[in-house]
Each structure stands twice: as C-alpha cells, then as structure tokens.
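Chemist: Chains as they are written, first to last, in this note's numbering: chain A, 1 to 176; chain B, 1001 to 1176. Okay, here's the structure, questions in a sec.
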DNA sequence: TTGGTGCTTGCATAATCATTCACTTACCCG
DNA sequence: CGGGTAAGTGAATGATTATGCAAGCACCAA
C-alpha cells in the first residue's frame, strides 16, 4: 500500500471540507458539495459522505432547531484511547499550572472546550472534572492526587515543559 | 399553554430517552424505539425524532466508523430561558448538597448532562461552572455566594426540600 | 356549553445520508 | 512485462432522519 504523492486530491479536498465546515454553516452534504464546487473541487455526495466520516465530522444542532456540520472533537473521545488524548493535548495545550486542588490549563483561544472534552472522557485517575472557558480549563483534582500530581500528569501528556508549579503568572478570567 | 399534570408522558419519554442514550449505544431512531418499547413506552419514529431534537441529541462517531446518539451539551440551551431551567431542574434534580464552594446535584442516571447544560447557560449569578458526570453534577460557586448560597438557589429552583446542607450523606463518585 | 388556541402525536412522504457494486488507477512483486 | 492488491471514486440504491398535515386533547374565555 501507499502511493507516491500524486493522489493528493483527496487530502486537498478533505482539508477544504474541514475549512468550509469551520467557517460556513454547512447544513447538508449537497450543500457542502456546492461549496466545494465553488472552490473548484468536484465530488459526489457519496465521496463527501466518506470524507465526513473520515474527518469525524458530526451534525450538531444550533439554535432554531437547524443543524450544521462540525468537526467532532468529541465523539472519538468516547472511547478515548489515551493516544487520542495525548494527541489533543500535544496539539493544543500551552501551559499547565496548579494551585491547591485546581489545575489551570491554558490553550489557544477558543480551543479550551476541545481539550476539556477529551479530558472529561479520558477517565484519567485523579481528575474529578473540568470547567472550560474560552482559552482556559480548570481541572479539579482528587484530594489523593492533588493539583500538583495532576498537573504533572497533564504536562507529561501534553509535552509541556515544567512551568511555575505554584505561582500563576497572570490572572486569566475564564468566561464559562 | 400550560396543562395540569396529566401530560407527563412526553417528559417521561424524553427522560427515558436521555437515560437510554447515556447508557446504551443507541445507533438509530428505530433502535431507540425498540428500547423504549422494552421500557413500556411506545412512540413512533417521528416522535422520537422530535424528542431528540428537543433534547439536543446528536449523532456522534465512535471508533469503528459507527455512530451513536449522545446528548449535546452544547447547542439547544443556547436560549435557555429561566423558565426552562426551572422546568428542567424540577423534573430531574433529586438532591442538592454543598461543601465549601462546591455544590453537588444528584439526578437520575444519565440525566446529569441535561441539567448541567441548562445550568451552564442560565447565567445564574453565583455559579461559575459545572462538571457533569452520569448522575452527579458538581457546581463551582463564586466566593461571594458560596456553596451554601448556591445550593439554596438550586433547591429553590428545583423544589427539592432542604437536605443536609453541609454533611454529605453518601459519597457518590462522579464518573465523568 | 361552545368556540378558540396551542401542544402533542401518528401517518405518509420528502430529504438526507450511508453503502454496495463496478470500475479505474497506482503500486508491488515475481 | 503481467498478475495481484489496495485505494479512490461515481452511480445507484438502501437506510435513516426530518417534516407537512391532520387529528386529538387539554385548557381558557365568554
């Protein structure tokens, strides 16, 4: 298996699909088909269906009862292989600090809920739960493990270098 | 608008739907229809479709390419009027206790997310955020209001009688 | 009571999405 | 070179989900 590089059309298409989903409110596969065509990419509904599956896209409901596509960030974590968690953490976690039983995880703007969702479903021992804002996650550690211990786990998962274990550098309001 | 109390069948059904979704891996609406029937609740696919919309359920993809339903903690309550909150709380909250800045809300199995979602979007003063498990919600109270004060508000909303404000009767692990 | 209003539901059907099958192409190995 | 294998795709079709419509019921007001 494995081609050379010619077959990049699929990847290009899927990348465009991802982009379209993220920016527009894509309501259906025919709709997405149109948008793709406007970008000079032609594909049938069948192909798009397969793309969406591979990308892990799902239809979510938005206000008004309509539903649009979104990239999952959610589904795969149901069975969250810790590999997935590690991948998400490595991708999006910028900083991990702790104070008392709380661990504060910083992410790029808007990404907090993605990481929090993965954490929530990871079944990580020592993690009671999370509250995610826009770019900040607050994790509640068990008393047994404590904030410091949990922070250590999280840093290990994300590959973040040890950073100021006890003294927060800056106050960030998590608008939940 | 506003019936007496006879028309509880819809709410019962939706509660069961929520529970089934949370526990089983519901793959389709006909599948859910069967599960409901096994619980003694009959409904057509059309009704179930509407229930799922109202509950904000979505189909997510799990490992293997299959997809199952899940409650969206995310879309529907976008507009959550406080009346809605009161209704949800009254329907599903079994117990409210507090300790320190935390309030623990117990619900029927599988229903925690629904309540937590409503709470998250309620803009309730004194409530910083929530972490929902299967049948348990942890609410973080502001320091100003405190766990006791928040618990009081929540009890009022849900109509639960005052219960052991400071001493948890039983340890319930919130499996998040 | 009587008529009006709004909510809920089932039926039938439309809309949407997933999958089977066949075909093409690229690549690998004798 | 063939032959074998696997990925990728479209057309057609099957499966699933959403919806228009009408009926039924509770409630309210006159």
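By construction, the Cβ of each residue, glycine as well, lies at the ideal position given by its N, Cα and C atoms. Predicted, not measured: the structure shown is a model, and the values here were computed from it.
What residue range is occupied by the uninterrupted beta strand (DSSP E) comprising residue 1140(B)?
Modeler: Taking the second chain and counting its residues from 1, the one referred to as residue 1140(B) is at position 140. Element bounds for residue 1140(B): 1136-1141.
Chemist: Among the candidates 14(A), 99(A), 106(A) and 157(A), whose CA atom is the shortest distance from the CA of residue 56(A)?
Modeler: Counting from 1 along the first chain, the entry for residue 56(A) is found at position 56. The residue with the shortest Cα to Cα distance from residue 56(A) is 14(A).
Chemist: Going by the DSSP bridge assignment, what does residue 1040(B) pair with across the sheet?
Modeler: One-based indexing of the second chain puts residue 1040(B) at position 40. According to DSSP, residue 1040(B) bridges with nothing at all.
Chemist: Over the uninterrupted beta strand (DSSP E) stretch that includes residue 1009(B), give me the two end residues.
Modeler: Taking the first residue of the second chain as 1, we reach residue 1009(B) at position 9. Note, residue 1009(B): premise wrong, no beta strand (DSSP E); alpha helix (DSSP H) at 1009-1023.
Chemist: Using DSSP's beta-bridge definition, name the partner residues of residue 1156(B).
Modeler: Taking the first residue of the second chain as position 1, residue 1156(B) is located at position 156. Paired residue(s): none; residue 1156(B) is not in a bridge.
Chemist: Three or more C-beta pairs closer than 8 Å, one from the segment 136-151 of chain A and one from the segment 93-106 of chain A: is that the case here?
Modeler: yes
Chemist: With residue 1068(B) and residue 1059(B) assumed to form a contact (beta carbons below 8 Å), what rounded beta-carbon distance in angstroms separates them?
Modeler: Here residue 1068(B) refers to the residue found at position 68 of the second chain. Here residue 1059(B) refers to the residue found at position 59 of the second chain. Your pair residue 1068(B) and residue 1059(B) checks out as a contact, with CB atoms roughly 7 Å apart and the cut at 8 Å.
Chemist: If you follow the beta strand (DSSP E) that residue 1048(B) is part of, which residue opens it and which one closes it?
Modeler: The residue given as residue 1048(B) occupies position 48 in the second chain. Here residue 1048(B) belongs to no beta strand (DSSP E); instead the alpha helix (DSSP H) covers 1045-1055.
Chemist: Run the CB neighbour count on residue 80(A), radius 10 Å, all protein chains shown included, and call it buried at 16 or more, exposed below.
Modeler: Position 80 of the first chain holds residue 80(A). Caution is warranted here: a pLDDT of 34 is assigned to residue 80(A), below 50, making its placement in the model unreliable, and the coordinate value is therefore given only provisionally. When all chains shown are included, residue 80(A) counts as buried.
Chemist: According to the neighbour-count rule (16 or more other Cβ atoms, all chains shown, within 10 Å of its Cβ), is residue 1163(B) buried or exposed?
Modeler: In the second chain, counting from the first residue as 1, residue 1163(B) sits at position 163. Any reading at residue 1163(B) needs caution, since the residue's pLDDT is 43, under 50, leaving its predicted position unreliable; the model's value is listed next. Looking at its Cβ environment, which holds fewer than 16 other Cβ atoms inside 10 Å, residue 1163(B) is exposed.
Chemist: Using alpha carbons as the reference points, say which of 1024(B), 1147(B) and 1017(B) lies closest to residue 1048(B).
Modeler: Position 48 of the second chain holds residue 1048(B). Distances from the alpha-carbon of residue 1048(B) to those of 1024(B), 1147(B) and 1017(B) put 1017(B) closest.
Chemist: In chain A, which residues lie less than 8 Å from residue 1138(B) when you measure between Cβ atoms?
Modeler: Locating residue 1138(B) in the second chain gives position 138, counting from the first residue. What residue 1138(B) touches in chain A: 128, 129 and 140.
Chemist: Confirm, please, whether the CB-CB distance from residue 1096(B) to residue 1151(B) is below 8 Å.
Modeler: Taking the second chain and counting its residues from 1, one reaches residue 1151(B) at position 151. Taking the second chain and counting its residues from 1, one reaches residue 1096(B) at position 96. Result yes, Cβ atoms of residue 1151(B) and residue 1096(B) sit closer than 8 Å.
Chemist: DSSP state of residue 1167(B), grouped into three classes?
Modeler: For the purposes of this step, residue 1167(B) is taken as the residue at position 167 of the second chain. Only weak support is given to the placement of residue 1167(B): the predicted model assigns it a pLDDT of 30, under 50, and the question is left unresolved by the model.
Chemist: Just by C-beta distance, which residues in the segment 33-58 of chain A are closer than 7 Å to chain B?
Modeler: 53, 56 and 58
Chemist: Which of the three DSSP states is assigned to residue 1149(B) in this structure?
Modeler: The sequence position of residue 1149(B) within the second chain is 149, counting from 1. Here residue 1149(B) sits in helix by DSSP.
Chemist: Could you give the first and the last residue of the continuous alpha helix (DSSP H) run that contains residue 1114(B)?
Modeler: As a first step, residue 1114(B) is located in the second chain; it is residue number 114 there, counting from the start. Its alpha helix (DSSP H) spans residues 1112-1120.
Chemist: Could you name the residues of the same chain whose beta carbon sits closer than 7 Å to that of residue 66(A), not counting the 5 residues immediately before and after it, in chain order?
Modeler: If you number the first chain from 1, residue 66(A) lands on position 66. If we look at residue 66(A) and ignore the five residues flanking it on each side, its Cβ neighbours are 27.
Chemist: When the Cα atoms are used, what is the spatial distance from residue 1031(B) to residue 1117(B)?
Modeler: Taking the first residue of the second chain as position 1, residue 1031(B) is located at position 31. Taking the first residue of the second chain as position 1, residue 1117(B) is located at position 117. Rounded to the nearest angstrom, the two C-alpha atoms are 25 Å apart.
Chemist: With a threshold of 16 other CB atoms inside 10 Å of the CB of residue 94(A), please say whether the residue is buried or exposed.
Modeler: Here residue 94(A) corresponds to residue number 94 of the first chain, with the count starting at 1. Exposed is the call here.
Chemist: What separation, rounded to the nearest whole angstrom, lies between the Cα atoms of residue 1148(B) and residue 1125(B)?
Modeler: Numbered from its first residue, the second chain carries residue 1148(B) at position 148. Numbered from its first residue, the second chain carries residue 1125(B) at position 125. Between residue 1148(B) and residue 1125(B), the C-alpha separation is close to 14 Å.
Chemist: With a threshold of 6 Å on Cβ separation, who are the neighbours of residue 1158(B) within its own chain once the five nearest residues in sequence on each side are excluded?
Modeler: In the second chain, residue 1158(B) corresponds to position 158, counting from 1. Same-chain partners within the cutoff: 1089, 1090 and 1093.
Chemist: Tell me where the beta strand (DSSP E) around residue 71(A) begins and ends.
Modeler: The sequence position of residue 71(A) within the first chain is 71, counting from 1. First-last of the beta strand (DSSP E) with residue 71(A): 67-71.
Chemist: Using a Cβ-Cβ distance under 8 Å, would residue 157(A) count as near chain B?
Modeler: Locating residue 157(A) in the first chain gives position 157, counting from the first residue. Chain B contact via Cβ: absent.
Chemist: Using a Cβ-Cβ distance cut-off of 8 Å, determine whether residue 1075(B) contacts chain A.
Modeler: As a working mapping, residue 1075(B) is identified with position 75 in the second chain. In this prediction, residue 1075(B) scores a pLDDT of 33, lower than 50, which makes its location untrustworthy; no coordinate-derived value is stated.
Chemist: In this structure, does DSSP put residue 144(A) in helix, strand or coil?
Modeler: Mapped onto the first chain, residue 144(A) falls at position 144. Residue 144(A) falls in the coil class under three-state DSSP.
Chemist: Please state whether DSSP places residue 94(A) in a helix, a strand or coil.
Modeler: Along the first chain, one-based indexing puts residue 94(A) at 94. In this structure, residue 94(A) counts as coil in the three-state DSSP scheme.
Chemist: What residue from 44(A), 45(A), 51(A) and 46(A) has the CA that sits closest to residue 19(A)'s CA?
Modeler: The sequence position of residue 19(A) within the first chain is 19, counting from 1. That would be 51(A), whose Cα lies nearest to the Cα of residue 19(A).
Chemist: Starting from the C-beta of residue 127(A), find all residues in its chain whose C-beta is less than 7 Å away, skip the five residues before and the five after it, and write them out in chain order.
Modeler: Translated into positions along the first chain, residue 127(A) becomes position 127. The residues are 119, 139, 141 and 150.
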